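Going down the list, the protein sequences come from chains D and F.
Per my numbering, the first sequence starts with residue 149, numbered consecutively.
Per my numbering, the second sequence starts with residue 13, numbered consecutively.
Cβ coordinates follow ideal geometry from the N, Cα and C atoms, glycine included.
The structure presented is a predicted model; accordingly, all values stated were derived computationally and were not measured.
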Amino acid sequence: MLEFIHTIQDPWGMHMRPAGMLVKIAKNFKSEILMACRDKEANAKQLFDVMSLAARTGENLQVRVQGVDEEEAASQLKAFLESHC
Amino acid sequence: MKKPIFSLENIRLSCPSVCCDEAILAAGRHMVEQGYVKEAYIDGMLRRNREFSVYIGNYLAMPHGVYTVKDEVITSGIVLHVYPNGIDWDGEPVKFVLGLAGQDNKHLQVIELCAELFSNMETVDKMLACTEPQELYNIFTESSSSSCLIV
């Protein structure tokens, strides 16, 4: 299992477009991808789940990836979050 | 007194089916009428859907403006249009068009509220069965993430 934390930089928080794009990336992988923020946890492949996190600017998003393609999945998600969120 | 984000006047039931651009225009015009956004915001809503679809899932689409029209928002608000016979949203079925304009993180709270309401198909069916705006309004305001609707 791989795990990393990303602090939301976007002044609008994790809004609709980045949430939708993130889910699209996550769905390309077989691994289970979970994201947690505050006391909430979300399946990164479900848009409603990711929306319900409502991650705000400055909040920490904890990402956990587990599965056969976890390395590539974690690296792509990390790169996406760093450039878009 | 600050304008509420959501009110009975912001709900339209039984809208006749149109194409998705028309539905976005209708939501945008309604938001202008209600004083939430300036006219130029509507173009930003249309652009946003062309760049990346605002279809969410479970019959819901959430049109909102691109980042560059953020200054066209007067105050945070949502409008909700129900299309019982559905809209073909680039191949996806949509029955609820929720126009959104947000300021000061209100948009994130509204997104959270919509996720809570629309992720549950039982609630979606309940909302589809509403015959009066008041019933739909109550479902929104009674949900556990509804604090964002209170000014």
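For Gly168 of chain D, the first and last residue of its enclosing alpha helix (DSSP H): Taking the first sequence and counting its residues from 1, one reaches residue 168 of chain D at position 20. Here the alpha helix (DSSP H) through Gly168 of chain D covers 164–174.
task: Identify whether Cys160 of chain F lies in helix, strand or coil by the three-state DSSP scheme.
output: By 1-based counting over the second sequence, the position of residue 160 of chain F is 148. DSSP places Cys160 of chain F in helix when its eight states are reduced to three.
- prompt: Could you give the uninterrupted runs of the alpha helix (DSSP H) lying entirely in the segment 61–148 of chain F, keeping only those of 4 residues or more?
  reply: 118–130, 133–140
- prompt: Looking at Tyr67 of chain F and Ala113 of chain F, is the spacing between their C-beta atoms short of 8 Å?
  reply: Working through the second sequence from its first residue, we reach residue 113 of chain F at position 101. Working through the second sequence from its first residue, we reach residue 67 of chain F at position 55. No, the pair does not count as a contact, with Cβ atoms beyond the cut-off.
- prompt: Contact check, Met183 of chain D vs Leu150 of chain D under 8 Å by CB: the rounded distance?
  reply: Stepping through the first sequence from its first residue, residue 183 of chain D is reached at position 35. Stepping through the first sequence from its first residue, residue 150 of chain D is reached at position 2. The pair is not a contact, with the Cβ atoms about 13 Å apart (cut-off 8 Å).
task: Note the first and the last residue of the continuous beta strand (DSSP E) segment covering Gln194 of chain D.
output: Here residue 194 of chain D refers to the residue found at position 46 when the first sequence is read from its first residue. It is not in any beta strand (DSSP E) - Gln194 of chain D carries neither H nor E in the DSSP assignment.
- prompt: Are Lys193 of chain D and Ala174 of chain D touching if we call contact CB-CB under 8 Å?
  reply: In the first sequence, counting from the first residue as 1, residue 193 of chain D sits at position 45. In the first sequence, counting from the first residue as 1, residue 174 of chain D sits at position 26. Cβ distance < 8 Å, so Lys193 of chain D and Ala174 of chain D count as in contact.
- prompt: Within 8 Å (strictly less), CB to CB, does Cys126 of chain F reach chain D?
  reply: Here residue 126 of chain F corresponds to residue number 114 of the second sequence, with the count starting at 1. Yes, contact with chain D.
- prompt: Of all Cβ atoms in chain D, is any one closer than 8 Å to the Cβ of His93 of chain F?
  reply: Position 81 of the second sequence, counted from the start, is the residue given in the question as residue 93 of chain F. No, its Cβ sits nowhere closer than 8 Å to a Cβ of chain D.
- request: Quick one: residues in its chain with C-beta nearer than 6 Å to the C-beta of Gly56 of chain F, no 5 flanking neighbours on either side, listed in chain order?
  value: For the purposes of this step, residue 56 of chain F is taken as residue 44 along the second sequence, with counting starting at 1. Cβ within range, chain order: Gly77, Val78, Val81.
task: Might you give, ordered along the chain, the residues of its own chain that have their beta carbon closer than 6 Å to the beta carbon of Lys15 of chain F, omitting 5 neighbours on each side?
output: As a working mapping, residue 15 of chain F is identified with position 3 in the second sequence. Around Lys15 of chain F: Thr87.
query: Can you tell which of D:Trp160, D:Gly168, D:Met164 has its C-alpha closest to the C-alpha of Thr205 of chain D?
result: Counting from 1 along the first sequence, the entry for residue 205 of chain D is found at position 57. When each option's Cα is compared against that of Thr205 of chain D, the closest is D:Trp160.
- prompt: Between the segment 200–233 of chain D and chain F, which residues of the former have a C-beta closer than 7 Å to a C-beta of the latter?
  reply: Ser200, Ala202, Arg204
message: Any beta carbon from chain D within less than 8 Å of Asn22 of chain F's own beta carbon?
response: In the second sequence, counting from the first residue as 1, residue 22 of chain F sits at position 10. Chain D contact via Cβ: absent.
query: With burial defined as no fewer than 16 other Cβ atoms inside 10 Å of the residue's Cβ, what is the status of Ile162 of chain F: buried or exposed?
result: Residue numbering aside, residue 162 of chain F sits at position 150 when the second sequence is read from its first letter. The residue is exposed, with fewer than 16 neighbouring Cβ atoms inside 10 Å.
message: Considering Cα atoms alone, identify which of F:Asn150, F:Leu37, F:Glu21, F:Leu110 is closest to Tyr71 of chain F.
response: Within the second sequence, numbered from 1, the residue matching residue 71 of chain F stands at position 59. If we check each option's Cα against that of Tyr71 of chain F, F:Leu110 comes out closest.
Met183 of chain D, DSSP secondary structure in three states: The residue given as residue 183 of chain D occupies position 35 in the first sequence. Of the three classes helix, strand and coil, the one that applies to Met183 of chain D here is strand, per DSSP.
- request: Using only alpha-carbon positions, find the residue among D:Phe177, D:Arg212, D:Glu219, D:Arg186 that is nearest to Ala203 of chain D.
  value: Mapped onto the first sequence, residue 203 of chain D falls at position 55. It is D:Arg186 whose Cα lies nearest to the Cα of Ala203 of chain D.
- request: Compare the C-alpha of Lys178 of chain D against each of D:Gly215, D:Met162, D:His154 and name the closest.
  value: As a first step, residue 178 of chain D must be located in the first sequence, where it is residue number 30. Measuring from the Cα of Lys178 of chain D, the nearest candidate turns out to be D:Gly215.
field: Cβ pair Ser26 of chain F, Ile99 of chain F closer than 8 Å
entry: The residue you call residue 26 of chain F lines up with position 14 of the second sequence. The residue you call residue 99 of chain F lines up with position 87 of the second sequence. No. Outside cutoff.
- prompt: By how many angstroms is the C-alpha of Glu219 of chain D removed from the C-alpha of Asn150 of chain F?
  reply: Taking the first residue of the second sequence as 1, we reach residue 150 of chain F at position 138. Taking the first residue of the first sequence as 1, we reach residue 219 of chain D at position 71. So the two alpha carbons sit approximately 46 Å from each other.
task: Check whether the Cβ atoms of Leu125 of chain F and Met139 of chain F sit closer than 8 Å, and answer yes or no.
output: For the purposes of this step, residue 125 of chain F is taken as residue 113 along the second sequence, with counting starting at 1. For the purposes of this step, residue 139 of chain F is taken as residue 127 along the second sequence, with counting starting at 1. No, they are not a contact pair.
Per-residue contacts from Arg134 of chain D into chain F (C-beta, under 8 Å): Outside the displayed range of chain D (149 to 233) lies residue 134 of chain D, so it cannot be described from this structure.
message: Could you tell me the alpha carbon to alpha carbon distance between Gly103 of chain F and Ser65 of chain F, rounded to whole angstroms?
response: In the second sequence, counting from the first residue as 1, residue 103 of chain F sits at position 91. In the second sequence, counting from the first residue as 1, residue 65 of chain F sits at position 53. Whole-angstrom Cα-Cα distance: 11 Å.
message: Is there a Cβ of chain F sitting closer than 8 Å to that of Leu195 of chain D, yes or no?
response: Your numbering for residue 195 of chain D matches position 47 in the first sequence. Leu195 of chain D counts as touching chain F.
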